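Written out below as structure tokens is the structure these notes cover.
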Amino acid sequence: MRKNLPRRWACLILGGALLMPYMMAGALVAGLAGGESGAFLLPLQVGLYAAVLPAVAVTGLFLPVRGLEVSAAQGLLGARVETPPREARRSWQERRRTATWFTLHLAVGGVVSGFTLAIVPFTVYTLALPFLGDSVMVLGAEARPGWPALPWTLAGIVLLGALVLMAAGAGALLTRLAPVLLGPTPGERLAAAERRARVLAERNRLARELHDSVGHALSVVTLQAAAAGRVLDRDPETARTALDAIEQSARAALEDLDHALGVLRAGDPPAGPAERGGWATLDDLDALVAASGAPVEREVGDVSAVPGPVSREAYRIVQEALTNAIKHGRAPVRLAVAVRDGELRLEVTNRTAAPAPRNGTRGGRGLKGMRERVRLLDGDLDAGPATGPSPDGGSGKASGPQGEGWWRVSARLPLRSAP
Amino acid sequence: MTVRVVIADDEDLVRAGLRVILSSEPGVEVVGEAADGAEVLPVVRRERPDVVLMDVRMPAVDGIQATRRLVALDDPPKVLVVTTFENDDYVYDALRAGADGFLLKRTRPDELLRAVKLVAAGDTLLFPAAIRALAARRPPGPDVPGIDRLTGREGDVLRLMARGLSNGEIAAELVVGQETVKTHVGNVLAKLGARDRTQAVIAAYESGFVSPADHG
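Each protein sequence line maps, in turn, to chains S and E. Here the working numbering is used: the first residue of the first sequence is 27, the next is one more, and so on. Here the working numbering is used: the first residue of the second sequence is -11, the next is one more, and so on.
In structure tokens, the structure reads:
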């Protein structure tokens, strides 16, 4: 503890320093209200101190002080505070904790700072008393130089000792409370665990995909190449068949690899509560529609020829589009899925209450996510107002009547990426 | 003597590749194919092959179950599990189910043919290093009952089996006759209740009788 004391003291002084602006503002307000000039130089006014603490607490709810306080607790107090994850949105639970800590830090730090500012000079002064030439007045009593001043000196030293004990106690108290108030909240722990699990699930999915597709294809390539090599002279026809198989397997493997690398490069797996572990494919559309609870007219063609990676991404696109349609649009919602000309065509159409904006600015993140998926698969995505569900699943944009309108999201995904 | 082989794999291209490689070798004949574990048993009953090349993952009945069924036959063929990846937990399960060894699909043709002939001859452990690597990834298993009843010499023979030595090599190492080694191997298998060398060696690793770290 002795080793830590100077740093902890510094942390307490920091708390006092952070309290200063509040005290000064408080003094200013009190001065204006009382018609007197603000007492800037007397920060240790107990009433003012008590009055500004609520202000400290309120600002602690809103100011981004958590990072600073965590650094201070870790670096100065030496507290074992787990660095909380960076969350885009602050929860109220976290705000309350941070505000509690902030108030505590400034309140305790303010008191310790005040005493430090008062006691240290006082002690130095009492040490000097015996050596002064004349008697002086100390706190209303006369102190004569020489031996008679000794009690004053002793008192100064005792006060200094008390200050050290006080700082140590306050530092220890804050150090104990820091992990509780500054560490990750249960909600943050849960979110972090969920994020980890999602990343892990995605990684496992990719590993399995690579194992199944690329590993398998390379096995076929190896075996077929070995076979071709052995019969090249005797049986050119078999060798040729083997070479064809090699070409096809290798190409399919490259496509799968392309997809897997695309997902890896994209970084974090896309989040979503209804993600179903990222394994759902177009075969799961029925379940998806049923789970949405909304009346959806369906026209789903034969999708058995759609490769696994495309099918999974298509499922997510449909999921996203249906979610948007149900959330923002009106019934009827119509879903069309078909394979034509080597392409998978998806279309989700819904009525809109208000006239749809003409330039397709609606749909923020969801649309962006869809575009991202479609881009990875070398496809096209079109979203915008329409006259109604298009009969051919194409993207015929048209001007609808003003008032009620239709909104359509349509995507085309090539089943095989371009050579 | 011709080695008669049945290939079980759900992937046409894998079966075709294996068939071409095996058929190109004199003394090896592919007598049947199966596209699923469920089809293996009838083919084996009909053709009575010496060796079955068995894929691990197949749609209806996987290679592990199929191996178990084959091993239960009166005069079972040797089973070589064929797999894409070495560090595959299924491989170990297949070996425990009674497979005689395993092959990687990326194995070179001459090694593949050597493995098929060796396992047909039946007196060598296939790929001792790979089995050791698999065993090293496993926590020590339960005690194998018969292992403490091995004589000192039988223990020596088991250790050499684990290193992948054939009967002839073990005979040379221990300076005894090959017939003596055969007797010892027979006793080891009987005491451990093992069907073949692979099972005996796996038991030796699992019980800690032989440690994967013993030999590099």
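Yeah, the Cβ is synthetic: ideal placement off N, Cα and C, and Gly gets one too. Only a predicted model underlies this, so the values are computations on that prediction, with no experimental measurement involved.
- A distance below 8 Å between beta-carbons, with the five flanking residues on each side excluded, links Val96(S) to the following residues of its chain, in chain order: Val107, Thr109, Pro110 and Leu208.
- Of Glu325(S), Ala364(S) and Pro205(S), the smallest CA-CA separation from Ala105(S) is found for Pro205(S).
- Across the stretch 231 to 251 of chain S, CB contacts with chain E closer than 8 Å involve His237, Gly241, His242, Leu244, Ser245, Val246, Thr248, Leu249 and Gln250, in sequence order along the chain.
- Counting the other CB atoms within 10 Å of its CB gives Asp282(S) a total of 16 or more, which places it among the buried residues.
- Under the three-state reduction of DSSP, Leu258(S) is assigned to coil, being neither helix nor strand.
- Identification of chain E residues near Val322(S) by a Cβ-Cβ cut-off of 9 Å yields none; the smallest Cβ-Cβ distance measures about 33 Å.
- Burial check for His242(S): the Cβ neighbour count within 10 Å reaches 16 or more, so the residue is buried.
- Taking all protein chains shown into account, Ser117(S) has fewer than 16 neighbouring C-beta atoms within 10 Å of its C-beta and is therefore exposed.
- Using beta-carbon distances, Ala254(S) counts as an interface residue toward chain E, with a partner under 9 Å.
- Not a single CB atom of chain S sits nearer than 9 Å to the CB of Val31(E).
- In the structure shown, Leu165(S) adopts coil according to DSSP, grouped into three states.
- Residue environment analysis places Ile135(E) among the buried positions, since at least 16 neighbouring C-beta atoms fall within 10 angstroms of its C-beta.
- Not one beta carbon of chain S lies nearer than 9 Å to the beta carbon of Gly15(E).
- For Ser97(S), there are no C-beta contacts with chain E under 8 Å, since the nearest C-beta of that chain is about 43 Å from it.
- Those residues of the stretch 55 to 73 of chain E placed with their C-beta closer than 8 Å to a C-beta in chain S are Thr72 and Phe73, ordered along the chain.
- Straight across, the Cα-Cα distance linking Arg34(E) with Val18(E) is about 13 Å.
- Of the residues assessed, Leu402(S) falls on the buried side of the cut-off, its CB having 16 or more other CB atoms within 10 angstroms.
- If only uninterrupted alpha helix (DSSP H) runs of at least 4 residues are considered, those enclosed by the stretch 89 to 120 of chain S are 92 to 98.
- Arg366(S): member of the beta strand (DSSP E) spanning Arg356 to Arg366, first to last residue.
- Burial check for Trp127(S): the Cβ neighbour count within 10 Å reaches 16 or more, so the residue is buried.
- A contact between stretches requires three or more CB pairs, one per stretch, nearer than 8 Å, and the stretch 38 to 57 of chain E fails this requirement with the stretch 284 to 291 of chain S.
- Contact of Glu(-1)(E) with chain S is assigned, a C-beta pair being separated by under 9 Å.
- Between the stretch 250 to 265 of chain S and the stretch 184 to 203 of chain S there are fewer than three inter-stretch CB-CB distances shorter than 8 Å, so the stretches are not counted as touching.
- Pro440(S) is bridged by DSSP to Glu369(S).
- With a minimum length of 3 residues, the unbroken runs of beta strand (DSSP E) contained wholly in the stretch 276 to 353 of chain S fall at 322 to 326.
- Below 8 Å, enough C-beta pairs join the stretch 7 to 14 of chain E and the stretch 85 to 101 of chain E to call them touching: three or more.
- When the five nearest sequence neighbours on each side are left out, the beta carbons in the same chain lying within less than 7 Å of the beta carbon of Val132(E) are those of Leu180, Ala191, Glu194 and Ser195, in order along the chain.
- Judged by beta-carbon spacing, Val(-9)(E) lies within the 9 Å limit of Val16(E), meaning their Cβ atoms are closer than that value.
- Within chain S, not a single residue places a beta-carbon under 7 Å from that of Lys179(E); the smallest gap is close to 39 Å.
- As summarised for the stretch 122 to 167 of chain E, there are no continuous beta strand (DSSP E) elements at least 3 residues long confined to that stretch.
- Pro90(S) is the residue among Leu103(S), Pro90(S) and Arg234(S) whose C-alpha sits nearest the C-alpha of Glu120(S).
- Bounds of any beta strand (DSSP E) do not take in Leu180(S); it lies within the alpha helix (DSSP H) bounded by Leu176 to Leu208.
- Relative to Ala278(S), the option among Asp310(S), Ser245(S), Arg360(S) and Thr264(S) whose CA is nearest is Ser245(S).
- The count of Cβ pairs closer than 8 Å, one atom from the stretch 53 to 60 of chain S and one from the stretch 137 to 155 of chain S, stays below three, leaving the stretches out of contact.
- Chain E places a beta carbon closer than 9 Å to that of Arg260(S), counting this residue as a contact.
- A straight line joining the alpha-carbon of Tyr80(E) with that of Ala54(E) spans about 15 Å.
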